[in-house]
Amino acid sequence: MKRTWTLSRMPVVDPHAGQGNPLSGRWAPALAKKTHWLATGATRPLSMVLPVLVAATLLLTPRGAQGQILDKVLDAGEKASKVAGKVQSALPIGTEEEIDIGRGVAATVAGYYKLDRDPDLTEYLNLVGLAVAASDARPDIRYRFGVLDTDQVNAISAPGGYIFVTRGALALMDDEAELAGVLAHEVGHVNEKHVVNEIQKRARTELGADVAQAALKTDAAALDAVVGLGTNILFLGLSREDELEADSLGTVYAAQAGYDPQGLLHFVQKLQANESKPFLATLKATHPKPKDRIKLLERVSSKTGAGGPPVELADRFMSSTAGVPR
Amino acid sequence: MRSFFRPSTPFALLALLIAGAPQAAAQDLGATLAARQQALPKQKTAYLETFLNAPPGGASAEKDLKLAAKVAVAQEAPRERIEIQPVSGNTFGETVIVVGNGKDYFLVTKVGSTPLAKSAKAQDALVLQALGSAPNETAKKRALKTSDGKLAAVIYREPRPADFNSSTAFSLEAPKLGGGLLKKGLSSFADSDQPVVTASAGARGVDEIDTPDGKMPVTPDSSAVVWLEEREVSPLDLEAFLVAGRLGPYAGTEEAQ
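So the protein sequences, as listed, match chains L and B.
When we follow the working numbering, the leftmost residue of the first sequence carries the number 1, and every step to the right adds one.
When we follow the working numbering, the leftmost residue of the second sequence carries the number 1001, and every step to the right adds one.
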């Protein structure tokens, strides 16, 4: 039976809610600039990758050393931009190619773990996912969210906006703010094209010049090879830097949507508490250590207000995920 | 909660409109536009408004209002750009773009621009409501009342970073993909302007993957991807979801009565 979210539902906020900017504090400007801009025909500048890297770096750095670090990060960023430009020219991946790759990767992910085809649960996941994606939605793709039927705790984002969370991860969560944080982390990977960038970096060395220069829209074999590379990147894990950047972005996206900015932090704290459990084996192998993530998330979330009292929506989360065994 | 019903100002156009007098409201278009010009901020400013409107005659509570439109505004006196995306059925309709260049306001369409006052949109209730929402308002939420004290509309306003390109934003030509400002916030569920997703050989996936435990065989499931793609969330369902959780534009606010 299709559920409807009626306007008559009771609000779940404190009546003394504040009306401040959802982003506040010392690091807000850099993160806000990074995560929230209006595009009037302008393309997403490559340099916009830098602010969050800078913010994340600064958040982990004693204040006295921040000036030097800032200079180094900017220098490194400029060099990285130039290198990325050369790599991209070797394997151009536009939006259509990205979506094609994403569909292939998503089909592989859904084959490896079975897709849970519960329409109500999937609708709920999409509503939460779209709520957090809206704060910095890419205009060229559609975000789609699905549940994977496995006890393993994990979340995966394929290029082009195909995002998955496992039943195991849902079972570990206690409220909607945690789910929002996890989905927002994945949205961060998609928005920054982490997998696409990694494919472009590795295409020539791992697939050869022919594939790297193939037109993916017309060369099915080359596209297959790139899908395979993209899938392997996902299953073997992105870089530590990409993961921490997604953590920062996820916290900000969730807060901008109105959720408790500590939702992702609370989830990662549970990962730490369950570190030795077998259902965390995959996640452990593909993500930075929880203690490192927690250190960053504590800082970012403490500087990122939600514009009102923290919205966690535990009751709505529990009723919407009632079919998930806990 | 303060009311925005101030008949002495040109922005009273909105109150007239909601009170059911669109003709009278239309006659005040010139005054409203002139007042907008006066109120435009000199520095770059951008915001997104959500209109929840009451049925004719007003409503007793916010829960009886319905999402009517999303309005994105970019301003830098004397210029501004207003994009109105009205609700049409169970989704959003075509975006109406109005650009003011400091001398006049224009309706911008895919085929060109025309003075707003000479276009049929000058009589459009939502266009008038958008124009009647004062540029210099700072409240995150405003409740508009009818003359007999009922709720006529609630307008939520979210500031947006004003890092838009002025030459593009205030152009009298439609952006190539349409939408412009609104695309950032609404693209996830917009029906138009999306690239055509074409299934290809790659969409079937691969049959072996590398994992931390070594190579693993896989049977790709393309039908799962198709199933996911068929699970579209309607913009109105999403809006109701946000309202119910007091998220998005409604974060940090309480329901108006």
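No residue lacks a Cβ here, since even glycine has one placed at the ideal position from N, Cα and C.
If we cut at 8 Å on Cβ distances, does B/ASP1221 have a partner in chain L? Yes - at least one Cβ of chain L is within 8 Å of the one on B/ASP1221.
Use the C-beta contact count for B/MET1216: other C-beta atoms within 10 angstroms, 16 or more gives buried, fewer gives exposed. B/MET1216 is classed as exposed because its beta carbon has fewer than 16 other beta carbons within 10 Å across all chains shown.
Please report the straight-line C-alpha distance between B/PRO1235 and B/LEU1033, rounded to a whole angstrom. When rounded, the distance between both Cα atoms is 30 Å.
Indicate whether at least one CB of chain B lies closer than 8 Å to the CB of L/ALA322. Chain B places no beta carbon closer than 8 Å to that of L/ALA322, leaving this residue out of the contacts.
So, are the CB atoms of B/ALA1139 and B/ARG1157 less than 8 Å apart? Taking 8 Å as the Cβ cut-off, B/ALA1139 and B/ARG1157 qualify as a contacting pair.
Neighbourhood of B/SER1113 by C-beta distance below 6 Å, restricted to the same chain and skipping five residues each side: So the list reads PHE1106, LEU1172, once near-sequence residues are dropped.
Under 7 Å Cβ-Cβ, which residues of chain L neighbour B/ARG1204? Contact annotation for B/ARG1204 against chain L: GLY104, ALA107 [CB-CB distance below 7 Å, chain order].
Go ahead and label B/ASN1136 buried or exposed: buried means 16 or more other beta carbons lie within 10 angstroms of its beta carbon, across all protein chains shown. Exposed, by the Cβ-count rule.
Thinking C-alpha only, which one of B/ALA1240, B/PRO1249, B/ALA1224 is nearest L/THR122? Considering only alpha carbons, the answer is B/ALA1224.
Taking only beta-carbon atoms, is B/ILE1209 less than 8 Å away from chain L? Yes, contact with chain L.
I'd like to know whether the C-beta atoms of L/PHE368 and L/ASP151 end up nearer to each other than 8 Å. For residue 368 of chain L there is no data in the structure shown, the boundaries of chain L being 1 and 326.
Using a Cβ cut-off of 8 Å (strictly closer), state whether B/PHE1241 contacts chain L. Yes, B/PHE1241 lies at the interface with chain L (some Cβ there is under 8 Å from its Cβ).
Where L/ALA285 meets chain B, residues with beta-carbon distance less than 9 Å: Residues of chain B with a Cβ closer than 9 Å to the Cβ of L/ALA285 are, in chain order, THR1211, PRO1212, ASP1213.
Whole alpha helix (DSSP H) elements within the segment 200-228 of chain L, 4-residue minimum: Entirely contained in the segment 200-228 of chain L, the alpha helix (DSSP H) runs reaching 4 residues are, in chain order, 209-212.
In chain L, what lies closer than 7 Å to B/VAL1233 by C-beta? The answer, in chain order, is GLU123, ASN126, LEU127, LEU130.
Taking Cβ to Cβ, would you say L/TYR124 is nearer than 8 Å to L/SER320? The answer is yes: Cβ separation under 8 Å.
Name the chain L residues that come within less than 9 Å of B/ALA1224, Cβ to Cβ? For B/ALA1224, the C-beta contacts it makes with chain L under 9 Å involve ALA106, ALA107, VAL109, ALA110, GLY111, LYS114, LEU115, ARG117, GLY146, in order along the chain.
I need the DSSP call for L/MET318, collapsed to helix, strand or coil. The answer is helix: DSSP assigns L/MET318 an H, G or I state.
Can you grab the Cα-Cα spacing for the pair B/PHE1051 / B/GLY1058, in whole Å? Cα-Cα distance, rounded: 14 Å.
Please classify B/GLU1232: does DSSP put it in a helix, a strand, or coil? DSSP places B/GLU1232 outside both helix and strand once states are collapsed to three, so it counts as coil.
I believe B/LEU1131 touches B/GLU1062 by the beta-carbon criterion, under 8 Å. Please report the beta-carbon distance rounded to the nearest angstrom. Rounded, the Cβ-Cβ distance is 23 Å, inconsistent with contact.
Same chain, Cβ closer than 6 Å to B/LYS1260, neighbours up to 5 away in sequence not counted: As displayed, chain B neither begins before 1001 nor continues past 1257, which places residue 1260 of chain B out of reach and without an answer.
Going by other Cβ atoms of all chains shown within 10 Å of its Cβ, with 16 needed for buried, is B/ARG1246 buried or exposed? Buried, because 16 or more other Cβ atoms sit within 10 Å of the Cβ of B/ARG1246.
Counted within 10 angstroms of its Cβ, other Cβ atoms place B/GLU1208 as buried (16 or more) or exposed: B/GLU1208 comes out exposed.
Hey, does L/LEU313 have any beta-carbon neighbour from chain B nearer than 8 Å? For L/LEU313, the closest Cβ of chain B is nearer than 8 Å.
Quick test of the definition: if touching needs 3 or more C-beta pairs under 8 Å, does the segment 177-193 of chain L touch the segment 242-253 of chain L? Taking 8 Å as the limit for Cβ pairs, the verdict is that the segment 242-253 of chain L does touch the segment 177-193 of chain L.
Of the residues L/TYR112, L/TYR113, L/VAL147, the one placed nearest L/GLY129, counting alpha carbons only: The option with the nearest alpha carbon to L/GLY129 is L/VAL147.
I need the straight-line Cα distance from L/GLU245 to B/SER1147, nearest angstrom please. L/GLU245 and B/SER1147 have their C-alpha atoms roughly 52 Å apart.
Comparing the C-beta of B/GLU1094 with each C-beta of chain L, is any distance below 8 Å? With respect to chain L, the C-beta atom of B/GLU1094 has no partner C-beta closer than 8 Å.
Could you give the C-beta distance for L/PHE317 and L/VAL182, rounded to a whole number, given that I count them as a contact under 8 Å? No, L/PHE317 and L/VAL182 are not in contact; Cβ-Cβ is about 12 Å, not under 8 Å.
Measure how close the beta-carbons of L/VAL211 and L/ALA203 come, nearest whole angstrom, since I'm counting them as under 8 Å. Yes, L/VAL211 and L/ALA203 are in contact; Cβ-Cβ is about 6 Å, under 8 Å.
Can you tell me where the beta strand (DSSP E) holding B/GLY1100 begins and where it ends? Where B/GLY1100 is concerned, the enclosing beta strand (DSSP E) stretches over 1096-1100.
Would you verify that the beta carbon of L/ASN232 is, or is not, closer than 8 Å to some beta carbon of chain B? It does; some Cβ of chain B falls within 8 Å.
Could you check what DSSP says for L/VAL268 in three-state terms: helix, strand or coil? Correct three-state label for L/VAL268: helix.
By how many angstroms is the C-alpha of B/VAL1154 removed from the C-alpha of B/LEU1000? The requested residue 1000 of chain B is not part of the displayed model; chain B covers only 1001 to 1257.
Comparing alpha-carbon positions, which option in L/VAL226, L/ARG117, L/VAL109 lies nearest L/GLY323? Relative to the Cα of L/GLY323, the nearest Cα in the group L/VAL226, L/ARG117, L/VAL109 belongs to L/ARG117.
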